[in-house]
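Numbers 11 to 466, taken from the working numbering, label the letters of the sequence shown in order.
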Amino acid sequence: MTGGLLIRGATVVAMDPLGSVARRDIIVGEDGRIAALFAPGTGPASFSGRTLDADGRVVVPGLIQAHLHLCQTLFRGMAEVLPLLRWLRERIWPLEAAHDADSIAASARLSVAELLLGGTTAVLDMGTVHHTDALLAAVAEGGIRYVGGKAMMDSGEGVPPGLLEDTAASLRESDRLAERWHGAAAGRIRYAYCPRFVLTCTPELMRAVADRSRSGDLVVHTHASEQREEGELVRWQFGAPNIQFLASLGLAGPRTVLAHCVWPDPHEPGELARLGTNVVHCPSCNLKLSSGIAPITEYVDNGVNVALGADGAASNNLLDAWEELRLAGLLARLRDGSGAPSARQLFEMATLRGARALGLEDQIGSVEVGKWADLAIVDLRTPHATGPQDIYSQLVFATRASDVRTVLVGGRVVVEERVLQTLNEADTLRDAEQQWRRVAERAGLEQSASLAAARA
Ligand SMILES: [Zn+2]
Numbered sequence: 011m012t013g014g015l016l017i018r019g020a021t022v023v024a025m026d027p028l029g030s031v032a033r034r035d036i037i038v039g040e041d042g043r044i045a046a047l048f049a050p051g052t053g054p055a056s057f058s059g060r061t062l063d064a065d066g067r068v069v070v071p072g073l074i075q076a077h078l079h080l081c082q083t084l085f086r087g088m089a090e091v092l093p094l095l096r097w098l099r100e101r102i103w104p105l106e107a108a109h110d111a112d113s114i115a116a117s118a119r120l121s122v123a124e125l126l127l128g129g130t131t132a133v134l135d136m137g138t139v140h141h142t143d144a145l146l147a148a149v150a151e152g153g154i155r156y157v158g159g160k161a162m163m164d165s166g167e168g169v170p171p172g173l174l175e176d177t178a179a180s181l182r183e184s185d186r187l188a189e190r191w192h193g194a195a196a197g198r199i200r201y202a203y204c205p206r207f208v209l210t211c212t213p214e215l216m217r218a219v220a221d222r223s224r225s226g227d228l229v230v231h232t233h234a235s236e237q238r239e240e241g242e243l244v245r246w247q248f249g250a251p252n253i254q255f256l257a258s259l260g261l262a263g264p265r266t267v268l269a270h271c272v273w274p275d276p277h278e279p280g281e282l283a284r285l286g287t288n289v290v291h292c293p294s295c296n297l298k299l300s301s302g303i304a305p306i307t308e309y310v311d312n313g314v315n316v317a318l319g320a321d322g323a324a325s326n327n328l329l330d331a332w333e334e335l336r337l338a339g340l341l342a343r344l345r346d347g348s349g350a351p352s353a354r355q356l357f358e359m360a361t362l363r364g365a366r367a368l369g370l371e372d373q374i375g376s377v378e379v380g381k382w383a384d385l386a387i388v389d390l391r392t393p394h395a396t397g398p399q400d401i402y403s404q405l406v407f408a409t410r411a412s413d414v415r416t417v418l419v420g421g422r423v424v425v426e427e428r429v430l431q432t433l434n435e436a437d438t439l440r441d442a443e444q445q446w447r448r449v450a451e452r453a454g455l456e457q458s459a460s461l462a463a464a465r466a
C-alpha cells in the first residue's frame, strides 16, 4: 500500500446522497480509505503510488451480504426437496455437529474465495456452535470484511447433542469470542451475537443477548418467520407472532438483524420500521426451501431497512450477491407489479442498506471520501450486459459475478483480474473436497461422501 493507489478512468456508481454516477478517478490512501475523487484530468499531476487502469469499467461499492452461513458452504447442495425444519434436523445440524477446526476453516476459505471473486466485500455471518476461532482465523486470512459469530442453541426439538448448549456456557463462549475477535484483523472483523432462532433458544438466552448488544453496541443476528410452520410453532409455544416475540425479549432496533421475515403478521412491518430493526431478504434460499416470497415492497414502503443475503450454500447453492439482487427484483415485480422497488432501491439493498444492517453505514456501502476503499471493479462490456440501459438496471438485472474483475477491501487488492490474491484458489478447492469427505463420514453420510469421492 506504500504510496496509496490510483484507480483511473472508471465510471463510478457512488451510492452517495446525490446518487452520483460519473467518470471519476479514485485515490485510495495508505490507510486503506478513499482519499479523493476527481474528474479525469483534474487530479494531481503526478502520483507516486500504484495505478490501476479501469478505463471503460464500472466501480461500485463492494457488495454486502447481510445473512450467510460460511460454515455450510462445504455442504453445498444438501437441501434437495426437504422443508426447513426437516432439512435442519436431518441434514444441516448433524453436518454442523460433525465439523472440526480443519473442516470449518476449509468451509470458510471456500466461502471467502467465492464471495470475493463475485465482488462481495463484507458479510454478516452466523457460524455454527463450535470451532468459531478456526472459522474467524480463516476469515481473517481471506481478507474479507466480516461481522458475525458463533451460533447459539440452548434448546429445541431435534438439536443433536453435539450442538445443544447450556445457556450459561453459550453466553460465556460468545463473550470470550467477542473479547478476542471484535476489532481483529485491522478492524475488519466485528463480533455479533447469533442466537439461531426462537425454536432453538430459551427466552433467557435471548434476553441476555439483547442486554449485551445494548451495552456493547454489538449486532445481534437471528432468523425470524422464515416458514409458515415455524411461525405457527412460535405462536403455539410462546403465544405471540415471531417478530413481535423477539421484540418483547429486547431483540429489536438498529443493532438487530433478522434474516428472512417472509411471513410477518399484518402489524409487524410497521413495528420493524418504528423500531429500526433490520430485515435481510434471501430470495434464492426462500425459493429453494419453498418458504415463500418476503413482502419487501411492503417493508420498503413502511421504511424498514432491507438488506440482501445468499443465506447458506447448502440451501442456495451459490453465495452470489448479483443473483440475489436479480431475484429480489424479479420476485418483487411478480408480487407487487410496478409498485415494486426500483433497480436503484434494489442496488441500495446490496450496498448502503447492507452497510446499515452491519452497523457500518458510516464506514462502507458507498464510494465517498473517508470511507474504507471496499470496491468492486466490474466490466460490463459483455454480450449479456451491453445495451442502452439505465446503469442500476444493468447492475441489478444483467450483471454476473464473473463480470467482477478486481476487488479491494480496505484498500487492499484482494482480487486482481479475477485472480484471488489472499488465498490460493486451487489449494482452497482441494482442501474443501477433502474436508467435505471427512465431515460427511463423521456425520454418518457415507453414501454422500462416496458420491463426492467418485466425482473428485
Ligand atoms: Zn440462515
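Beta carbons are placed, not taken as given, at the ideal position from N, Cα and C, and that holds for glycine.
Determine the extent of the alpha helix (DSSP H) in which residue 85 is found, giving its start and end residues.
-> Counting along the chain, residue 85 falls outside any alpha helix (DSSP H), and DSSP gives it neither H nor E.
Alpha carbon of residue 463 to alpha carbon of residue 278, nearest angstrom = Interpretation of residue 463 is limited by its pLDDT of 48, a score under 50 that renders its predicted location unreliable; no figure is taken from the coordinates.
Is residue 158 helix, strand or coil when you go by DSSP?
-> strand
Of all the alpha helix (DSSP H) runs that stay within the bounds of the region 217 to 274, which reach a length of 4 or more residues?
-> 238 to 248 and 252 to 258
Residues that residue 70 bridges to, as DSSP identifies them = 386
For residue 136, which of helix, strand or coil comes out of DSSP?
-> strand
With DSSP collapsed to three states, give me the class of residue 18.
-> strand
Name the residue from 323, 400, 432 and 442 whose alpha carbon lies nearest to the alpha carbon of residue 87.
-> 323
Name, in chain order, the residues that DSSP records as bridge partners for residue 48.
-> 35
Alpha carbon of residue 341 to alpha carbon of residue 443, nearest angstrom | 34 Å
Residues of its chain near residue 252, where Cβ-Cβ distance is below 7 Å and the 5 sequence neighbours each way are ignored = 208, 234, 235, 241 and 244
Within the region 292 to 350, ranges of the beta strand (DSSP E) (whole runs, at least 3 residues) | 315 to 318
Does the region 384 to 397 come within contact of the region 96 to 116, defined as at least 3 CB pairs closer than 8 Å?
-> no
Say yes only if the C-beta of residue 234 is nearer than 7 Å to one or more non-hydrogen atoms of ligand 1, and no if none qualify.
-> no
Assuming residue 269 contacts residue 313 under a Cβ cut-off of 8 Å, what Cβ separation, rounded to an integer in Å, is found between them?
-> Incorrect: roughly 19 Å between the Cβ atoms, too far for contact.
When DSSP labels each residue in this structure, what does residue 183 get in the three-state scheme?
-> helix
Less than 8 Å between the CB atoms is what I'm expecting for residue 127 and residue 411, so what's the real figure, rounded?
-> 7 Å
What residue from 288, 149 and 160 has the CA that sits closest to residue 197's CA?
-> 149
With a 10 Å radius around its C-beta and 16 neighbouring C-beta atoms as the bar for buried, classify residue 65 as buried or exposed.
-> exposed
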